[in-house]
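K.L.:
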Amino acid sequence: MAAVVAANEGDTLPYGSDPWTADMEDAVREVFGEQAQGYAMFNGTGANVVGLGLMLRPYDGVICPASAHINGNEAGAAERVLGTKLLTVATDDGKLRPRDVLAQLGAVGNEHLSQPRVVSISQVTECGTVYTPEEIAALAEVVHENGLFLHMDGARLANAAAELGCGLADITTAVGVDVLSYGATKNGALGAEAMIVLRPELARGALFLRKQGMQLASKMRYVSPQITALLRGDLWLRNASHANAMAHRLADGVASVVKFRYDVQSNAVFPVLPEKAIVYLMERFTFGHWDRAGGVVRWVTAFDTTEDDVDALIAATHEALSFT
């Protein structure tokens with residue numbers, strides 16, 4: 036917000052021809068490498084759709100986990116806007132493995148089938164699990180050996196880096212990611228997101244697809260400085276580290292009375308609860324079912340979650356379970 040206020044002085048050119056956007060582009064290169072090209076956008080769905088569009092031909096498909104956000108939580112945006120087919124893979128923990136990619140390649144060359152062209156992974160996954168650098172590198176090797184591209188939905192990229200104790204480039208640029216959405220929105224930004232292209236030849240149509248995808252801001256001076264504010268210094272890390280710490284505090288506080296569907300590796304907790312306890316807690320807190328049949332719910336902490344928020348949910352969970 037301070038960065039937005041600071042940009043609200045004087046006149047400048049629109050559509051990214053302003054000094055704040057140039058500064059943001061420099062910040063992206065500083066963090067992700069000299070070849071990185073950053074494009075400010077409005078939201079994560081737009082960044083994902085435009086990013087995927089850079090790599091797809093009309094007859095191509097995207098290999099992704101069945102739980103992927105692009106598959107289950109973007110209202111079919113990639114399929115409707117790009118006309119692509121999502122080639123989904125069932126996973127236990129939200130992660131794709133090299134074998135999952137290889138299993139989809141039987142379609143290559145078959146004119147009756149969508150052609151695998153992009154592999155899309157989420158970091159952090161929708162299950163709250165984190166890909167290690169080694170896991171991403173192994174995927175990238177298989178992807179590139181077979182002439183495909185690797186896309187990353189980085190909605191919680193900062194949370195992954197904070198949990199792993201590494202830099203943002205260590206789990207993107209250094210391990211073979213081609214295009215990613217940065218994940219500013221879930222780390223504190225206001226109506227601001229970024230697509231980052233790490234393979235320069237893919238960026239040729241980026242400006243046109245961004246405009247066509249309704250992600251070009253006329254007053255970009257208010258979008259771009261938010262990305263810069265997160266990337267320069269340690270704001271991205273402080274925000275994500277706090278969110279992760281609150282999730283671990285929450286998990287530790289209820290671990291004696293509940294089981295978890297997935298390991299807690301970021302800012303998401305997936306406890307298994309009886310239905311009566313879920314109803315009791317939902318009357319007092321905002322969260323959603325993950326697997327209603329299995330009694331799994333999803334608790335997510337954020338950059339602004341307080342210890343009091345967490346402790347209140349911990350206490351209420353113990354209370355709910357004491358009479359259910």
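Following our numbering, the numbering of the sequence shown begins with 36 at its first residue and continues without gaps. Glycine is no exception: its CB is placed at the ideal position from the N, C-alpha and C atoms.
1) Let me make sure I understand the geometry here. Which of G45, R319, H324 and A328 has the alpha-carbon closest to that of E354?
2) What did DSSP end up calling K254 once you bin it into helix, strand or coil?
3) Have a look at G107 and G45 and give me their C-alpha separation to the nearest angstrom.
4) Tell me which same chain residues have a C-beta within less than 6 Å of the C-beta of K311, skipping the five on either side of it?
5) Provide the residue(s) that pair with C13 in DSSP beta bridges, ordered along the chain.
6) Roughly how many angstroms lie between the CA atoms of L192 and R245, to the nearest whole one?
7) Taking 8 Å as the threshold (C-beta atoms), are A282 and V258 in contact?
8) If distances are taken between C-alpha atoms only, which option among V97, A190, S102 and V299 comes closest to Q150?
9) Taking the beta carbon of A314 as the centre, do at least 16 other beta carbons fall within 10 Å, making it buried, or is it exposed?
10) Where does Y297 land, buried or exposed, given buried means 16+ other C-beta within 10 angstroms?
11) Note the first and the last residue of the continuous beta strand (DSSP E) segment covering Y315.
12) Is the Cβ-Cβ distance between G81 and Q250 less than 8 Å?
13) Quick one, are the C-beta atoms of G211 and A172 less than 8 Å apart?
14) Flag this pair as touching only if the region 180-196 and the region 41-55 have three or more C-beta atom pairs under 8 Å; answer yes or no.
15) How far does the alpha helix (DSSP H) with V85 in it reach, from first residue to last?
16) Below 8 Å on the Cβ atoms is my contact criterion, and I expect D53 with M255 to pass it. Report the Cβ-Cβ distance as a whole number of Å.
17) What do you get for G248, buried or exposed, if any count of 16 or more other CB atoms within 10 angstroms of its CB means buried?
18) In terms of residue numbering, what span does the alpha helix (DSSP H) encompassing R134 cover?
19) Using the C-alpha atoms, what's the distance from R284 back to R64?
20) So what's S357 in DSSP terms, helix, strand or just coil?
21) May I ask you to report which of helix, strand or coil DSSP gives Q72?
22) I need the boundaries of the alpha helix (DSSP H) containing R296, first residue and last residue.
23) Can you find the residues in the same chain that come closer than 7 Å, C-beta to C-beta, to L140, ignoring five residues on each side of it along the sequence?
24) Tell me which residue opens and which closes the alpha helix (DSSP H) that G107 is part of.
25) Could you spell out the range, first to last residue, of the beta strand (DSSP E) harbouring L215?
26) Please report the straight-line C-alpha distance between Q70 and D326, rounded to a whole angstrom.
27) Determine the DSSP secondary structure at D343, reduced to helix, strand or coil.
28) In whole angstroms, what separates the C-alpha of L215 from that of M187?
29) Assign H283 to one of three DSSP states: helix, strand, or coil.
30) Does DSSP classify E228 as helix, strand or coil?
31) Along the beta strand (DSSP E) that carries I156, what are the first and last residues, could you check?
P.N.:
So, to answer that:
1) R319
2) coil
3) Rounded to whole angstroms, the gap between the alpha carbons of G107 and G45 is 43 Å.
4) T359
5) In this structure the chain extends from 36 to 359, so residue 13 is not present and cannot be described.
6) 21 Å
7) Not in contact: V258 and A282 (Cβ atoms no closer than 8 Å).
8) V97
9) In the sequence on display, residue 314 carries Val and not Ala. It counts as exposed.
10) buried
11) From DSSP, Y315 is part of no beta strand (DSSP E) but of the alpha helix (DSSP H) over E310 to M317.
12) yes
13) Their beta carbons are under 8 Å apart, which means G211 touches A172 by this criterion.
14) The answer is no - the region 41-55 does not touch the region 180-196, with fewer than three Cβ pairs under 8 Å.
15) G79 to G88
16) 6 Å
17) buried
18) It spans P133 to A138 - the alpha helix (DSSP H) in which R134 sits, taken as one unbroken run.
19) Rounded to the nearest angstrom, the two C-alpha atoms are 35 Å apart.
20) Helix, per DSSP.
21) strand
22) Counting along the chain, R296 falls outside any alpha helix (DSSP H), and DSSP gives it neither H nor E.
23) Spatial neighbours of L140 in its own chain (CB-CB distance under 7 Å, excluding positions within 5 residues in sequence) are listed in chain order as P151 and N181.
24) Taken as a continuous stretch (DSSP letters only), the alpha helix (DSSP H) holding G107 covers H104 to G107.
25) V214 to S216
26) 41 Å
27) The answer is helix: DSSP assigns D343 an H, G or I state.
28) 5 Å
29) helix
30) Three-state DSSP puts E228 in a strand.
31) Run containing I156: Q150 to S157, per the beta strand (DSSP E) assignment.
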